[in-house]
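A.B. asks: So for the first sequence, our numbering puts the first residue at 5; every next one is plus one. The beta-carbon is built from N, C-alpha and C at its ideal position, and this holds for glycine as well. None of the values given here were measured: they were computed from a predicted structure. Please see the structure below; I have some questions.
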Amino acid sequence: MPELPEVETICRELSNLLIGRKILSIEPLRENTIIYNTELIENQTISKIERRAKYIVISLSKGQQLVIHLRMTGKLIFPITNNFDSKYTRAIIYIDNDDEIHFDDIRCFGKIYINEQNQTNDQFAKLGIEPLTDDFNVDFLYQKAKNRNQEIKPFLMNQEIVVGIGNIYVQEILFHSKINPTRKAKTIKKHEWQKIIYNTKNTLLIAIDNNGTTISDFRRVDDKTGEFQNFLQVYGKDNCPICDNKLEYIKQAGRSTRYCKECQK
DNA sequence: AAGCTTTCCTGAACGC
DNA sequence: TGCGTTCAGGAAAGCT
Numbered sequence: 005m006p007e008l009p010e011v012e013t014i015c016r017e018l019s020n021l022l023i024g025r026k027i028l029s030i031e032p033l034r035e036n037t038i039i040y041n042t043e044l045i046e047n048q049t050i051s052k053i054e055r056r057a058k059y060i061v062i063s064l065s066k067g068q069q070l071v072i073h074l075r076m077t078g079k080l081i082f083p084i085t086n087n088f089d090s091k092y093t094r095a096i097i098y099i100d101n102d103d104e105i106h107f108d109d110i111r112c113f114g115k116i117y118i119n120e121q122n123q124t125n126d127q128f129a130k131l132g133i134e135p136l137t138d139d140f141n142v143d144f145l146y147q148k149a150k151n152r153n154q155e156i157k158p159f160l161m162n163q164e165i166v167v168g169i170g171n172i173y174v175q176e177i178l179f180h181s182k183i184n185p186t187r188k189a190k191t192i193k194k195h196e197w198q199k200i201i202y203n204t205k206n207t208l209l210i211a212i213d214n215n216g217t218t219i220s221d222f223r224r225v226d227d228k229t230g231e232f233q234n235f236l237q238v239y240g241k242d243n244c245p246i247c248d249n250k251l252e253y254i255k256q257a258g259r260s261t262r263y264c265k266e267c268q269k
């Protein structure tokens, strides 16, 4: 389940491998995988690959863009080895020198958007701020939260407020910050926001340094796993790593949450 | 308008 | 063993 660090890892690896390569064509293997006109990107050179929120943005020489969201189980696979075979390949990007990039996705939630030259990015219209920038600060969060009745966990996962944080990292961030995920966002004090900001940046940066978290499905482009799962404190755990009490297990807005009611107040 | 729930989808895990 | 049910979850749509 790729969140910010996983998408960042993929973008960096793809950049190293694919800048300057030419896309010949893109072929959908399943309906609703590719949004818009596939002919728009034919015979164009890849000029830049970068992350925005959890989107992979591949910019092309004539200004068009391929914008990819992996959702839960999407993968971009490159290079394709001779014995590679998957029944979940949803699209194939053919590039120069007889190479292919495969878009593989078991659950078919992932999407590839093709944007015209100079087209405003519809996918990005409602996105909030990037958590690794200085805009992600106490004043911003305090203002956004002060009139909200929402719990802090779904608040931090709301991509219209801050982008890139999903169900794994939000639980880690709140654990490190010693904040109970059921607290209302508007009750969070400024010194607590400061802790949340510090732990958000710190957790995401360490995860990026470790190539993301591999929980069952996530793979890097070369099929290697990330390593941050070795650092997880509460996600998928039964007991608190600090006090060893059994972790609470609840649902918030349809998403599972684990937290320690002794250590997180 | 905010904040829920439902939907999309499939494999794994579980229960009888 | 095997079949049916439940669960996992990002984001958009639907609903209250």
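Do Leu-22 and Ile-45 have their C-beta atoms within less than 9 Å of each other?
C.D. replies: No, they are not a contact pair.
A.B. asks: Out of curiosity, what's the CA-to-CA distance linking Phe-159 and Ile-169?
C.D. replies: The alpha-carbon atoms of Phe-159 and Ile-169 are separated by roughly 10 Å.
A.B. asks: Going by the CB atoms, is the gap between Glu-164 and Ile-183 shorter than 9 Å?
C.D. replies: Contact flag unset, no.
A.B. asks: With distances taken from CA atoms, which of Lys-241, Leu-178, Pro-32, Ile-62 is nearest Lys-205?
C.D. replies: Out of Lys-241, Leu-178, Pro-32, Ile-62, Leu-178 has the C-alpha closest to the C-alpha of Lys-205.
A.B. asks: Whole-angstrom Cβ separation of Ile-96 and Ile-38, contact assumed at under 8 Å?
C.D. replies: 11 Å between Cβ atoms; not a contact.
A.B. asks: Jot down the residue ranges of each uninterrupted beta strand (DSSP E) in the region 33-67, minimum 3 residues, whole runs only, in chain order.
C.D. replies: Runs of the beta strand (DSSP E) inside the region 33-67: 48-56, 59-64.
A.B. asks: Got a sec? Which residues, its chain only, sit under 7 Å from Lys-250 by beta carbon, not counting five neighbours each side?
C.D. replies: Within the same chain, Lys-250 has close Cβ partners Asp-242, Asn-243.
A.B. asks: Checking the sheet assignment: what are the DSSP bridge partners for Asp-109?
C.D. replies: Paired residue(s): Gly-78.
A.B. asks: DSSP three-state call for Gln-256: helix, strand or coil?
C.D. replies: In the structure shown, Gln-256 sits in a strand (DSSP, three-state: E or B).
A.B. asks: What are the boundary residues of the beta strand (DSSP E) that Lys-115 is part of?
C.D. replies: 115-119 is the extent of the beta strand (DSSP E) around Lys-115.
A.B. asks: Given 8 Å as the limit, tell me if Lys-241 has its C-beta closer than that to any heavy atom belonging to the ligand NAD.
C.D. replies: Looking at this structure, you won't find the ligand NAD or any other ligand, since it has none at all.
A.B. asks: For Tyr-98, which beta-bridge partners are listed by DSSP?
C.D. replies: Answer is Ser-29, Glu-104, bridged to Tyr-98.
A.B. asks: Answer yes or no: do Glu-176 and Leu-236 have a C-beta to C-beta separation smaller than 9 Å?
C.D. replies: Going by C-beta atoms, Glu-176 is nearer than 9 Å to Leu-236.
A.B. asks: DSSP three-state label for Arg-16, please.
C.D. replies: Helix.
A.B. asks: May I have the straight-line CA-CA distance separating Asn-41 from Asp-89, to the nearest angstrom?
C.D. replies: When rounded, the distance between both Cα atoms is 27 Å.
A.B. asks: Do Gly-230 and Pro-32 have their C-beta atoms closer together than 9 Å?
C.D. replies: Contact: no.
A.B. asks: Is it buried or exposed for Glu-43, if we count other Cβ within 10 angstroms and need 16 for buried?
C.D. replies: Glu-43 is exposed by the Cβ-count criterion.
A.B. asks: Using CA atoms only, rank isn't needed, just tell me which of Leu-208, Val-174, Lys-150 is closest to Ile-192.
C.D. replies: When each option's Cα is compared against that of Ile-192, the closest is Lys-150.
A.B. asks: Applying the 10 Å Cβ sphere with the 16-neighbour rule, what's the burial state of Glu-35?
C.D. replies: When all chains shown are included, Glu-35 counts as exposed.
A.B. asks: Hey, how far is the Cα of Lys-148 from the Cα of Phe-140?
C.D. replies: If I take the Cα positions, the gap works out to 11 Å.
A.B. asks: Run through DSSP, which three-state label would Tyr-92 get?
C.D. replies: Coil.
A.B. asks: DSSP state of Thr-191, grouped into three classes?
C.D. replies: Residue state, collapsed to three classes: helix.
A.B. asks: Could you spell out where the alpha helix (DSSP H) holding Gln-69 opens and where it closes?
C.D. replies: Premise fails: Gln-69 lies in the beta strand (DSSP E), 69-73, not in any alpha helix (DSSP H).
A.B. asks: With 16 as the cutoff for other CB atoms within 10 Å, does Phe-107 come out buried or exposed?
C.D. replies: Its Cβ being crowded by 16 or more others within 10 Å, Phe-107 is buried.
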